[in-house]
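Numbered according to my numbering, the sequence shown spans residues 1 to 610. Note that beta-carbon positions come from the ideal geometry of N, C-alpha and C, so glycine has one too. First comes the structure, then the notes that go with it.
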Amino acid sequence: MDTLKNVNVDEIIDGLVDKREDLMSMMFNSTLLYDNYNISVFAKWLHSLPHIDIRLNYLKNTTFNPNDNQYLESLGILVAIPGFWLILTLLFFLIFFLCRCCDAQNKKKRKLTACKCCLFLFAVVSALVILVGAFGSLVAHQGIQEVYNKTEDMSRALRTIQNDTQVITGLLKNNCDKNYDDLKQLFDSKLVDDMSVKTRVQTIVVSGKRNVSKAERLLDEVGVSLEKLNITATPDHLRQLEAVRWPTTFAVLGSLAVICLILIWGILRHSRCLLILFSVLGLLSLVVCWVITSVYLGISVAGSDFCIDPQPFISQQLNNAIEEKVFDYYVTCNTKSPFQRNIDETQAILEWINRHNNELTRLCRTKCNHKDITDEIKAMGADFATIRERFDALVELLDCRRFNDDYIKMMTASCKEVLEGVVLMLLSSSCAGLCFTLLVLCASHTWINIRKKRPLSDNQTEETDPFLPPASSTSTTSSANSKRIRDSYGSASSGRPRFSHTPPQTPHFPPPTATPPANGRSLGRDDQLSFLGAPPPAYEQVHHNQLTGHQQLAHHQQQQHQQLGGHPGHPGHPGHPQMIQSQFGGHGGPPHQHSHQAIGPHYVVSSIRR
């Protein structure tokens, strides 16, 4: 227990977190040290892909060489693989939709819950895949920014060296050389009588002018060599390329994300139109994803080949051996500087100028103290100090360590951040293409099986009463049912008595001036208003009540006839006793007169014994 108490839980958790971070770093940030710079492990994997030309021959030399036709053929074959897969996918969709068109007559209702769940799941997965592509674009953007900054630093350093060489050359030509000429004129003007001093000064002036000319030539060689090694266009091209790539990539990824949201909204709304819209946009997205995959695959493989061995491509871009030596010096920083001879000789010349300037100062202090000569020697010393200061700064700039550090950071950013970002976008676009393939299949199967629902209205009920106004024209089912009921009513009425006819379409309430019924009975206003309490019954109910009443009346009259010992006939209507009884109310009695009076939808049968 004491041992457990001494264990610090926080230390254990921190150790596990560190191990997890190390594992993630090994998986996603694995780097290889190559030629003093780091490259991603993806570069080695992509470089190991088989490079096959159009004749199906393996390339022996797989270094990056855009001027080699066989190498370009091998890249073209790799780029064509996603395009070939896209063609097969589109052919599959063509066959699938043709089969679905042939299956359009199948009206069997199918459950779509599983399809909708799969659509929602793969839509979420597609959104996550698109998010990975956005992260890869961000990583590549940061790497390109680093490459731009370092190339800009190298280009600025080269421009600074060229400017410094021009400035130093101008100081040597315009100041030192001019100072020697002015000093020679002063000594020739007989301001100094000592011939030995004049001779010595003339010797120094001649040697100084010759050395200044030599220093100018040496510095011009340095400037010309660096001027040929011009990389100013590289950062400009990177900036222009990234200004287009960065927003375009996010616009494409954003469009794909919006299409996924359309699918999710269509699933939640169970909308046939939204699913059809997604099927169309999904096919376009599918094409875009595989086209982007082809581009990213070509860039990844070519970039990996360049990162493994960039020297051949760089050597091809150099015009002559002098530039190659200069670039090797700055890239490797292991060789002797190609400007070392120029630096040493120029430095020796400056030392000679400094030494003889000091000698002239001593001579003039003892042998010639004329003010003009003294001022000229002081001006020569000030100009020399400026030249020496600028030359020391130039020597520091010509050192390879600063340039090499920028080059290593540039190559590391190119072969690690940029390459890893492109690989992430490659994986994202390929996975998005597969996901959109499944989504279009499921979405097409889903919207095909979604049936259109007929709009229900308040009037579309079980009302089939012929006394009500006709239903809406949009309800075909109600019209068909009404027709079927009328047909059945017509067939049934053929076997009924003549008085059970279909009443005419009369208003529910007769007007006040209507003619009283035949039996002499008139309805008061209270009787008429008594029918306002409830809606009229349906036609089937009226029909059923009429048939039931007639059947009961006929059955009752038949029983009375049997009790009275009646015969099956009647003088007026032989052969139809039931009909006669139903019409006149019984055997041997006086006939009954029946009259019909319409009161709303109800019909009252009045029987008057005569």
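Please go through the same chain and pick out, in chain order, the residues whose beta-carbon is closer than 6 angstroms to the beta-carbon of residue i, but skip the five residues on each side of it.
{"i": "Glu73", "result": "Asp53, Ile54"}
{"i": "Val201", "result": "Phe187"}
{"i": "Glu242", "result": "Ile144"}
{"i": "Phe339", "result": "Val222, Leu398"}
{"i": "Ser279", "result": "Val440, Ala443, Ser444"}
In this structure, does DSSP put residue i in helix, strand or coil?
{"i": "Asn354", "result": "helix"}
{"i": "Asn57", "result": "coil"}
{"i": "Asn334", "result": "coil"}
{"i": "Ile52", "result": "strand"}
{"i": "Ser429", "result": "helix"}
{"i": "Ile161", "result": "helix"}
{"i": "Asn174", "result": "helix"}
{"i": "Ile231", "result": "coil"}
{"i": "Asn613", "result": "An answer regarding residue 613 cannot be provided, because it is not within the stretch 1 to 610 covered by the chain."}
{"i": "Ser271", "result": "coil"}
{"i": "Phe436", "result": "helix"}
{"i": "Pro247", "result": "helix"}
{"i": "Asp305", "result": "helix"}
{"i": "Pro310", "result": "coil"}
{"i": "Asp68", "result": "coil"}
{"i": "Thr63", "result": "coil"}
{"i": "Asp611", "result": "Only positions 1 to 610 of the chain appear in this structure, which leaves residue 611 out of reach."}
{"i": "Asp375", "result": "helix"}
{"i": "Asp399", "result": "coil"}
{"i": "Phe339", "result": "coil"}
Excluding the five sequence neighbours on either side, which residues of its own chain have a C-beta within less than 7 angstroms of the C-beta of residue i, listed in chain order?
{"i": "Lys209", "result": "Asp177, Tyr180"}
{"i": "Thr293", "result": "Pro82, Leu426, Ser429, Ser430, Gly433"}
{"i": "Asp182", "result": "Glu376"}
{"i": "Gln70", "result": "Asp53, Leu59"}
{"i": "Val205", "result": "Tyr180, Leu183, Lys184"}
{"i": "Pro235", "result": "Tyr148, Thr151, Glu152, Ser155"}
{"i": "His576", "result": "Per-residue confidence for His576 stands at a pLDDT of 44, beneath the threshold of 50, marking its modelled position as unreliable; no derived number is given."}
{"i": "Ala480", "result": "Summary for Ala480: the model assigns pLDDT 45, below 50, so the residue's position carries little reliability; its value from the coordinates is reported in the next sentence. Correct list: empty, nothing qualifies."}
{"i": "Trp265", "result": "Leu274"}
{"i": "Phe403", "result": "Met154, Ala157, Tyr330"}
{"i": "Asp406", "result": "Lys150, Asp153, Met154"}
{"i": "Gln166", "result": "Gly223"}
Just to check my reading of the structure: residue i and residue j have Cβ atoms closer than 8 angstroms, yes? What is that Cβ distance to the nearest angstrom?
{"i": "Ser126", "j": "Leu439", "result": "7 angstroms"}
{"i": "Leu267", "j": "Lys116", "result": "It is Ile, not Leu, that sits at residue 267 in the sequence shown. Yes, they are in contact, since the Cβ atoms of Ile267 and Lys116 sit about 5 angstroms apart, within 8 angstroms."}
{"i": "Glu221", "j": "Asn342", "result": "6 angstroms"}
{"i": "Gly303", "j": "Val422", "result": "7 angstroms"}
{"i": "Cys400", "j": "Tyr330", "result": "5 angstroms"}
{"i": "Glu216", "j": "Thr169", "result": "5 angstroms"}
{"i": "Phe92", "j": "Leu283", "result": "In fact, because the Cβ distance is near 12 angstroms, the residues do not count as touching under 8 angstroms."}
{"i": "Asp383", "j": "Asn211", "result": "About 14 angstroms separates the two Cβ atoms, so there is no contact after all."}
{"i": "Leu75", "j": "Val301", "result": "6 angstroms"}
{"i": "Lys173", "j": "Ile349", "result": "With 8 angstroms as the limit, Lys173 and Ile349 do not qualify as a contact, their Cβ atoms being about 13 angstroms apart."}
{"i": "Trp447", "j": "Ile308", "result": "The Cβ separation is near 49 angstroms, so there is no contact."}
{"i": "Leu419", "j": "Phe42", "result": "6 angstroms"}
{"i": "Val132", "j": "Leu424", "result": "6 angstroms"}
Sorted by chain position, which residues of the same chain lie with C-beta nearer than 8 angstroms to residue i's C-beta, five sequence neighbours on each side aside?
{"i": "Ser285", "result": "Ser255, Leu256, Ile259, Ala432, Phe436"}
{"i": "Ala393", "result": "Asp164"}
{"i": "Phe313", "result": "Thr63, Phe64, Asn65, Pro66, Phe306"}
{"i": "Leu281", "result": "Ile259, Ile262"}
Checklist entry - Is the stretch 403 to 418 touching the stretch 54 to 74 in the sense that three or more CB pairs, one from each, lie closer than 8 angstroms? => result No, because fewer than three Cβ pairs between the stretch 54 to 74 and the stretch 403 to 418 fall closer than 8 angstroms, the two stretches do not touch.
Checklist entry - Per the contact definition of three or more C-beta pairs closer than 8 angstroms, is the stretch 218 to 237 in contact with the stretch 145 to 163? => result Flag = yes, the stretch 145 to 163 and the stretch 218 to 237 touch.
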